[in-house]
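A.B. asks: In the working numbering, the protein residues as written are 1 to 49.
Note that beta-carbon positions come from the ideal geometry of N, C-alpha and C, so glycine has one too.
Bear in mind the structure is a predicted one, so any value in this text is a computation, not a measurement.
Following this message is one structure expressed as structure tokens.
The structure is reproduced here in structure tokens:
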């Protein structure tokens, strides 16, 4: 987990999103998935910089 963003370094979800994933409906899951590309960019910038 990245301490500043709270994102998992592998999947870029938050702990709450990971914990709630199986109880989310498909629309909620798609909403989280839509956020992941931008989150991965944030994490990649942190790794590079």
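#1: Shortest alpha-carbon distance to residue 14 belongs to which of 35, 45, 41 and 49?
#2: Measure the Cβ-Cβ separation of residue 16 and residue 43 and say whether it is below 8 angstroms.
#3: Quick one: Cα of residue 22 to Cα of residue 4, how far?
#4: Going by DSSP, which residues form a beta bridge with residue 14?
C.D. replies: In short, the structure shows the following:
#1: Ranking 35, 45, 41 and 49 by Cα distance to residue 14 puts 35 first.
#2: Cβ atoms of residue 16 and residue 43: not closer than 8 angstroms.
#3: One C-alpha to the other measures close to 25 angstroms.
#4: According to DSSP, which records beta bridges pairwise, residue 14 is partnered with 7.
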